[in-house]
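Some notes on the structure that comes next.
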Amino acid sequence: MRRLLRGLAIVPAVAAVLAANRPIVVFAADRYHRFSIDRPAYKQAFGHWSVLPVPDGFAINAIHAALLSTGKVLIIAGSGNNRKNFEAGSFRTVLWDPAADTFSLIPTPTDMFCSGHTFLPDGKLLVAGGTKSYELLPADIKHAAGVMKLKNESPDHGARIVKQGTRLAGPDGRQYALRADVTVPPAMKMQHNGQTMVHAGEAEMWADAVTPGDAGVVTEPAQYRILGLKSDETRNLYGVADAITREKQEYGGDNTSYEFDPRTEQYVRTGDLTDHRWYPTLAPLPGGNVLAVSGLDRFGRMLPGRNEVYYARQHRWSAAPKLTRVFPTYPALFLTRDERLFFSGSNAGYGSATVGRTPGLWDLRTNGFRPVPGLRDATMTETSASVLLPPAQRQRVMIMGGGAVGDSPDSTARTAIADLSARNPVYRAGPDLPHPTRYLSTVVLPDDTVLTSGGSAGYRGGTYRGKKRSDLLTAQIYDPNRNEFRTAAAPSVGRDYHSEALLLPDGRVVTMGSDPIYDRTGRNPGVFEQRIEIYSPPYLFRGGRPAIHGGPVELTRGAVVSYGTADAARIRTVRLLRPSAVTHGTDVDQRSVALPFRLAPGGLMVQIPKARGLVPPGWYMLFVADDKNIPSAATWVHVA
C-alpha cells in the first residue's frame, strides 16, 4: 500500500514536469516522427513528402495547374478567388521549372480564375472562359437588380448602342439603370409561308434600381420603356425583365480564350467563345479539336446545355447545336476508345440537383446518351474524383468519394468502377476510401497505380461530425490489378477546394492549392494555402532506375519504333502518359496507354496503338518500368 501511495504521489509531479516542458515534448515527438519517415525502409514502403521552397514573390493561389511538354508546370491563379485582385485587374500566372528549380511570372491578360483548359495537339494549353464578374451576396446588394433583355424590332436602322447608365422605366414608373454599354442587333426579316416575318434583335445587360432598398424589387415579368428615345423609337426599342430582386448574384463567366505556348511562354489570344463560361470543362476530341461543355453565363445562370467546339487549326469557336446536353459544372468527361465521351458523374458545384447528373456514355455522332447505372451513393458525386485507370486499353473509369449537392455536410467513402468495354457497362463497387472524402486528388503513376491524396470530409475542409476542420492528411495508392488501396506516406499540408496534383516527368507528384472555408478555429474565414508539397513514390527508393535513350520524338499511330536501353532484358512495361491539366478535381487529360514491345539489339521495338480515341494527338511522356516495377524518368514524344 505504501508503494502504491508513493507511486500515486509521483504521477502529479510527472504530469507537472511534462506540462512545464510541453514544447520540449512536442519537439522530441516531431524529431522522432521525422526520423521515422526519413528511414530508407519507410520510404521504400510508403514514399516521402517534402515541402518545395517557393521564393518570395512567386507564391500564388493555385487554382489551375498543367504540366507542359517542356517539363515545366504552369500554375494559374487569375484573381485567385480574391475580389480585390479582380477589381484591381491583378491576375497572376507562375511558371515553375522542376528541373532547374526556378520560377517566373507570366503576364496574364484576363481573369482565368475558374476557366477551363486542355492540351491541343501541338502542346499548347487552351484556356477558355473564366471570371467576368464576382458574386454578390444579398447582404451586399443595396439596389435591386435583374437581367434586362433589350429588344430591337427595327430591321432597317442597324444595331443600336445603349449606353451605361441609360434609364428604363417600368409600367409603374420605377426606374432602372444599365450597368454597362450594350449593343442591340437589328431585327431580322424572315419569310414564312410566303409572308415576311420580323424577328427582334436582342441583347442582355444588368439593370440596377435607381432607388435603393426593396423599393425597386419586381417579382413578375414586365416590359420597360427606354428613357431619352424619340417617340417613334420607343415602339421598336425597349426592355423586358423576368424579375428584379435583391437575391444573390452568382459569378459571371467570361468569353475570352487563349493558347499558352510552352515555347514562347506567352498567352496568345484566340477567337472568343460563343457563350460566356465559368466552371466549364474543355474535353479533347479524337481529331484534335476541343468541346466546351457546361458553365455559368455572364449573368451567373447555368447554360441550358449549349455546348461548342474549338477548331484548333482555325483557332476559333463555333456553336454545336447538335450536341445539346446538360451537365453540372466541371463535368468529368473521358474520351473512350470508340470516340464517345464518358461522363463519370463527377462534377464541381453548380447545376440542378437532378438534371444532367446521371453517369453515361455520350455519342457525339448522334447526341445519344446511354446511362451507366449501378453507382452507390449516386447523389454524392459533387466534388468527387474520377480517373481513367491504367492502362487505358482496359477502358475502366473509377469514381472516388464526393459529397451531396452544394454545401451539404454529407460525404462518402465510396469508390466504384465502370468497365466501358463491356456490352452493357455498369458501375461496380470498389474498395472504400479510409474516410468519407471530397476534393480528392488522383494521379496516374507510371507503374500502373494511382495516387490519391488530400481532400476533406466536410465542405471545403469545414466542420464534419463535430470536428471544426476536416482536412485529411492522408494518401493512398490504388492498385488496379489487386483492386485495393495501400497506405502511402502522409502529407503535411491539407488540401481541399481549389487544390491540384499532377505527375512530373521524373516520376514525382506535385500537390498545391487549397481554399478552406474556415481557419483552424472554425470561426474565422480560411486563408488560401500557398505551400507546394512534393510526393516521391516508393519506386524512387527501391534501387537503380532503368533508362531509355535515342528513338524518335515524332510518332504516328500504328507505327513501330525503336528506343535504346541497356536495361532491355528487365523491362516489363512501356507506357505513354498524357500530361495533366487539372482544376477543381477535374482532369480529363491524364491517361496511361500501354505500348506493346519486343526486345531488339540494344533496346526495344515499340508499337503505337492505332485508335484515336485511345491515343488522342498531342505530347506524351514515355516511361519504361522494369521487373521490380521501377519506372524510368520520362522521355517526351509527340503523337500526330
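Residue 299 in this note's numbering sits at position 299 of the sequence shown; the count goes up by one each step and never skips.
All C-beta atoms, glycine included, are put in the ideal place defined by N, C-alpha and C.
Of the residues Asp479, Lys322, Ala215, Ile75, the one whose Cα lies closest to the Cα of threonine 449 is Asp479. Under a 10 Å Cβ-count criterion, asparagine 61 is classified as buried, with 16 or more other Cβ atoms of the shown protein chains found around its own Cβ. The count of Cβ pairs closer than 8 Å, one atom from the stretch 102–113 and one from the stretch 171–179, stays below three, leaving the stretches out of contact. According to the DSSP secondary-structure assignment, phenylalanine 343 is paired through a beta bridge with Leu333, Gly360. Nearest C-alpha to alanine 283 among Asp297, Leu125, Leu440: Leu125.
By the Cβ rule, the stretch 373–387 counts as touching the stretch 331–346, because three or more pairs are nearer than 8 Å. The Cβ atoms of valine 94 and phenylalanine 58 sit closer than 8 Å to each other.
Measuring C-alpha to C-alpha distances from leucine 341 to each of Val51, Pro40, Pro616 identifies Pro616 as the nearest.
Looking only at Asp506, Ala490, Arg460, the smallest Cα-Cα distance to aspartate 407 is reached by Arg460.
Straight through space, the alpha carbons of valine 624 and alanine 600 are spaced by roughly 15 Å. Around the CB of histidine 498, 16 or more other CB atoms lie within 10 Å, so the residue is classed as buried. Leaving aside the five residues that flank threonine 511 on each side, the residues in its chain whose CB is nearer than 8 Å to its CB run, in chain order, Ser441, Ser453, Gly454, Pro491, Val493, Arg495, Ser499, Glu500, Ala501, Ile532, Glu533, Ile534, Tyr535. No residue range can be given for glutamine 590, since it is assigned to no beta strand (DSSP E) and is classified by DSSP as neither H nor E. If you check the CB distance, histidine 549 and glycine 526 do not come in under 8 Å. The way I'd put it, the stretch 232–246 doesn't touch the stretch 294–314; fewer than three beta-carbon pairs between them come closer than 8 Å.
Between the alpha carbons of aspartate 272 and glycine 287 lies a gap of roughly 21 Å. About 40 Å separates the beta carbons of arginine 313 and glycine 374, which is beyond the 8 Å limit, so they are not a contact pair.
When only Cα atoms are considered, lysine 72 and alanine 100 end up about 10 Å apart. The three-state reading of DSSP puts phenylalanine 58 in coil, since its state is none of H, G, I, E or B. In the displayed model, serine 492 falls within coil according to three-state DSSP, outside both helix and strand. In this structure the stretch 539–549 does not lie against the stretch 583–595, because fewer than three pairs of beta carbons, one per stretch, are closer than 8 Å. When DSSP reads this structure, valine 73 sits in a beta bridge with Leu67, Trp96. Between the alpha carbons of proline 552 and glycine 129 lies a gap of roughly 36 Å. When C-beta atoms of the stretch 131–149 are compared with those of the stretch 227–234, fewer than three pairs fall below 8 Å, so the two segments do not count as touching. Within its own chain, the residues whose Cβ lies closer than 8 Å to the Cβ of glycine 513, once the five positions on either side in sequence are excluded, are Asn61, Ala62, Ile63, Ala65, Arg495, His498, Ser499, Glu500, Phe528, Glu529, listed in chain order.
In this structure, DSSP gives alanine 392 a helical state, which the three-state scheme calls helix. With contacts defined by Cβ atoms closer than 8 Å, alanine 488 and glycine 216 do not form a contacting pair. C-alpha of proline 425 to C-alpha of valine 639: approximately 29 Å in a straight line. By the beta-carbon neighbour count (other beta carbons within 10 angstroms, threshold 16), glutamate 220 is exposed. Taking a 10 Å sphere around the C-beta of glutamate 87, we find fewer than 16 other C-beta atoms and assign the residue as exposed.
Classified as buried, threonine 336 has 16 or more neighbouring CB atoms from the shown chains inside 10 Å of its CB. Under the rule that a run must span 4 or more residues, no alpha helix (DSSP H) segment is found entirely inside the stretch 394–442. Judged by DSSP secondary structure, glutamate 87 falls outside any beta strand (DSSP E) and instead within the alpha helix (DSSP H) spanning 83–88. Proximity to methionine 148 across Lys142, Gly165, Ala139 peaks at Gly165, based on C-alpha coordinates. Of the candidates Pro107, Pro359, Arg376, Asp377, the residue whose Cα lies closest to the Cα of phenylalanine 369 is Pro359. Note on glycine 158: under 16 other CB atoms within 10 angstroms of its CB, so exposed under the neighbour-count rule.
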